[in-house]
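Asks:
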Amino acid sequence: MAKKKRKSIYILYLVIIAIAGFIVYGIVIKGDDGSSVAETVAPKEVAENTSFAKEEPEQVVKEPVKTTLVAGGDIMLSRHVGTKIRQAGDNSLPFRRVVDMFSKADIAFANLESPFYDQGPPVTEGMVFKAEPETVDGLKLAGFDMVSLANNHFGNQGRSGMKYTYNHLDEHGIEYCGAGMDYDEAHTASVIEKDGISFAFLCYNGIPPESYGADEETAGLAWAQESTDEVVRDVKKAKETADVVIVSMHHGTEYTPKPAWEQKAIAHAAIDAGAETVIGHHPHVVQEVEKYNDKLIVYSLGNLVFDQMWSRETQEGVIGTYQFVDGALEEIAFQAVIIEDYNQPRFASESEEVPILKRMGLQSSVLN
Numbered sequence: 082m083a084k085k086k087r088k089s090i091y092i093l094y095l096v097i098i099a100i101a102g103f104i105v106y107g108i109v110i111k112g113d114d115g116s117s118v119a120e121t122v123a124p125k126e127v128a129e130n131t132s133f134a135k136e137e138p139e140q141v142v143k144e145p146v147k148t149t150l151v152a153g154g155d156i157m158l159s160r161h162v163g164t165k166i167r168q169a170g171d172n173s174l175p176f177r178r179v180v181d182m183f184s185k186a187d188i189a190f191a192n193l194e195s196p197f198y199d200q201g202p203p204v205t206e207g208m209v210f211k212a213e214p215e216t217v218d219g220l221k222l223a224g225f226d227m228v229s230l231a232n233n234h235f236g237n238q239g240r241s242g243m244k245y246t247y248n249h250l251d252e253h254g255i256e257y258c259g260a261g262m263d264y265d266e267a268h269t270a271s272v273i274e275k276d277g278i279s280f281a282f283l284c285y286n287g288i289p290p291e292s293y294g295a296d297e298e299t300a301g302l303a304w305a306q307e308s309t310d311e312v313v314r315d316v317k318k319a320k321e322t323a324d325v326v327i328v329s330m331h332h333g334t335e336y337t338p339k340p341a342w343e344q345k346a347i348a349h350a351a352i353d354a355g356a357e358t359v360i361g362h363h364p365h366v367v368q369e370v371e372k373y374n375d376k377l378i379v380y381s382l383g384n385l386v387f388d389q390m391w392s393r394e395t396q397e398g399v400i401g402t403y404q405f406v407d408g409a410l411e412e413i414a415f416q417a418v419i420i421e422d423y424n425q426p427r428f429a430s431e432s433e434e435v436p437i438l439k440r441m442g443l444q445s446s447v448l449n
């Protein structure tokens, strides 16, 4: 009996020691909800735990901004093209088979070779062009955002035709470059902004008549035939405010596969002044491409919508898909087209495309 009593006292003694130790080394923290949570922490740790830990700011990874510019060659909506449109009663007729390519682009661009004008009968032949006003609907439906007016046919309907074209494009929400109500406007870049990246377009004509050029008081186009001074000045000015400067020039010798020295001089000067790329029109056939100072130059995209059915080369052209990443041109992918029935381009087959790209000096459809 005494042995059992001593054993009970001994167990009680151990329990008391355990409780005392728990009280000394443990802290009971009462939660907001009234529940008790036991923690074994040192006094210093308790003090430290009462302060809020500083949170590191979340790192935000900026996604690269990708922009697609789709550029086509010469578009002429007069003469036989206009006749085909009227016969079909469809202003979108010339663009039906390529519309997806342009309409899905962030920016769609081409050279507009015929002024719009509402005076006089439709032009069905000859070298003096006039597009009927309603044919602008085809450009709009195809998704064109910007057209160059700097070409040797823009003045075919005089200054009145020029001014009518400005207003007509404005009314239909299509930007234009390379022409204006006076010299300053013609030489000022037209800007399109996409996802925070600004693209400035400067367009020039170097094919006579020079009288189509704008001056201080007269509407007209931006002229650049041999001198590069104005191009350099305009590019540098545009570069001050725009992320990307694109130069388009209407220059060179018709129906020849190689660029003339004047084309090269202007293109090189534009690149040296800060242009990201140069896009060429006028020869009505594709021409060789060039990589200059790590920038890509396309001297001629050939025809896009035209009625020059008298040779295979004038029925052919390419559409360039320009891929920009954060405002830097990464590559150009070319898709060859072949014009049928005096107005309508279709995509070339692989076998048809090979010789077209070969004339451009390309072994593949992608240039980077």
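Count the sequence shown with this note's numbering and you get residues 82 to 449, in order. For each residue, glycine too, the CB sits at the ideal point set by N, CA and C.
Pick from Ala356, His234, Lys345 and Lys244: whose alpha carbon is nearest that of Thr299?
Replies: On the sequence shown, residue 299 is found 218 positions in, with the first residue counted as 1. Looking at the Cα atoms, Lys244 is the closest of the given residues.
Asks: I need the straight-line Cα distance from Val366 to Ser446, nearest angstrom please.
Replies: Within the sequence shown, residue 366 is the residue found at index 285, counting from 1. Within the sequence shown, residue 446 is the residue found at index 365, counting from 1. About 17 Å.
Asks: For Lys359 and Glu431, what's the separation of their Cα atoms in angstroms?
Replies: By 1-based counting over the sequence shown, the position of residue 359 is 278. By 1-based counting over the sequence shown, the position of residue 431 is 350. Going by the sequence as given, residue 359 is Val instead of Lys. Those two C-alpha atoms are separated by around 26 Å.
Asks: Using the rule of at least 16 other Cβ atoms within 10 Å of the residue's Cβ for burial, across every protein chain shown, is Thr205 buried or exposed?
Replies: As a first step, residue 205 must be located in the sequence shown, where it is residue number 124. With fewer than 16 other Cβ atoms within 10 Å, it is exposed.
Asks: At which residues does the beta strand (DSSP E) containing Glu488 begin and terminate?
Replies: Since the displayed the chain opens at 82 and closes at 449, residue 488 lies outside it and no answer follows.
Asks: Where does Phe235 sit, in a helix, a strand or coil, going by DSSP?
Replies: Translated into the one-based positions of the sequence shown, residue 235 becomes position 154. In the structure shown, Phe235 sits in coil (DSSP, three-state: anything other than H, G, I, E or B).
Asks: Once the 5 residues before and after Val325 are set aside, which same chain residues still bring their CB inside 6 Å of it?
Replies: Counted from its first residue, the sequence shown places residue 325 at position 244. Answer for Val325: Phe280, Glu357 and Gly408, listed in chain order.
Asks: Ends of the alpha helix (DSSP H) at Pro436?
Replies: Position 355 of the sequence shown holds residue 436. That run of the alpha helix (DSSP H) goes Glu431 to Arg440.
Asks: For the candidate residues Ser292, Ala270 and Leu448, whose alpha-carbon lies nearest to that of Ile413?
Replies: Position 332 of the sequence shown holds residue 413. Measuring from the Cα of Ile413, the nearest candidate turns out to be Leu448.
Asks: Once you ignore the five residues that flank Asp296 on each side, which residues in its own chain have a CB closer than 8 Å to its CB?
Replies: Counted from its first residue, the sequence shown places residue 296 at position 215. Closer than 8 Å at the Cβ level, and outside the excluded window around Asp296, lie Asp263 and Tyr264.
Asks: Please list the terminal residues of the continuous beta strand (DSSP E) segment that includes Gln404.
Replies: As a first step, residue 404 must be located in the sequence shown, where it is residue number 323. Segment Glu397 to Val406, the beta strand (DSSP E) holding Gln404.
Asks: Just how far apart, CA to CA, sit Arg240 and Glu274?
Replies: On the sequence shown, residue 240 is found 159 positions in, with the first residue counted as 1. On the sequence shown, residue 274 is found 193 positions in, with the first residue counted as 1. The straight-line gap from Cα to Cα measures roughly 30 Å.
Asks: Assuming Tyr285 contacts Ala231 (C-beta within less than 8 Å), just tell me the rounded distance between them.
Replies: Looking up residue 285 in the sequence shown gives position 204. Looking up residue 231 in the sequence shown gives position 150. Yes, they are in contact, since the Cβ atoms of Tyr285 and Ala231 sit about 5 Å apart, within 8 Å.
Asks: If we ignore side chains and look at the alpha-carbon of each, how far apart do Asp218 and Pro175 end up?
Replies: Position 137 of the sequence shown, counting from 1, holds the residue named residue 218. Position 94 of the sequence shown, counting from 1, holds the residue named residue 175. Straight-line Cα distance between these residues: approximately 11 Å.
Asks: Applying the 10 Å Cβ sphere with the 16-neighbour rule, what's the burial state of Gln200?
Replies: Position 119 of the sequence shown holds residue 200. The residue in question, Gln200, is exposed, as its Cβ has fewer than 16 Cβ neighbours within 10 Å.
Asks: Can you give the Cα-Cα distance for His349 and Asp375, rounded to whole angstroms?
Replies: Numbered from 1 along the sequence shown, position 268 holds the residue referred to as residue 349. Numbered from 1 along the sequence shown, position 294 holds the residue referred to as residue 375. The alpha-carbon atoms of His349 and Asp375 are separated by roughly 11 Å.
Asks: In its own chain, which residues sit with a C-beta less than 7 Å from the C-beta of Pro455, not counting the 5 before and 5 after it?
Replies: Residue 455 lies beyond the residue range present for the chain, which begins at 82 and ends at 449; the question has no answer from this structure.
Asks: Output the residue ranges of the alpha helix (DSSP H) runs that lie fully inside the region 284-344 and measure 4 residues or longer, sorted by chain position.
Replies: Whole alpha helix (DSSP H) segments, 4+ residues: 310-320.
Asks: Could you compute how far the alpha carbon of Met441 sits from the alpha carbon of His253?
Replies: To locate residue 441, count along the sequence shown from 1; it is residue 360. To locate residue 253, count along the sequence shown from 1; it is residue 172. In a straight line, the C-alpha of Met441 is about 35 Å away from that of His253.
Asks: Considering only the alpha carbon of each residue, which of Leu302, Leu222 and His234 lies closest to Lys211?
Replies: Against the sequence shown, residue 211 aligns to sequence position 130. Nearest option by C-alpha distance: His234.
Asks: Expressed to the nearest angstrom, what Euclidean distance is found between the alpha-carbon atoms of Lys221 and Glu139?
Replies: Along the sequence shown, one-based indexing puts residue 221 at 140. Along the sequence shown, one-based indexing puts residue 139 at 58. Distance between the alpha carbons of Lys221 and Glu139: 44 Å.
Asks: Using only alpha-carbon positions, find the residue among Thr395, Thr164 and Phe405 that is nearest to Val418.
Replies: Here residue 418 is taken as the residue at index 337 of the sequence shown, counted from 1. Comparing Cα positions, the closest option is Thr395.
Asks: Straight-line CA distance for Tyr336 to Gly163?
Replies: Within the sequence shown, the letter at position 255 stands for residue 336. Within the sequence shown, the letter at position 82 stands for residue 163. Roughly 23 Å between the two C-alpha positions.
Asks: Span of the beta strand (DSSP E) holding Leu377?
Replies: Within the sequence shown, residue 377 is the residue found at index 296, counting from 1. Segment Lys376 to Val379, the beta strand (DSSP E) holding Leu377.
Asks: For a test of the three-state rule: what should DSSP assign to Leu230, helix, strand or coil?
Replies: Taking the first residue of the sequence shown as 1, we reach residue 230 at position 149. Coil at Leu230, not helix or strand.
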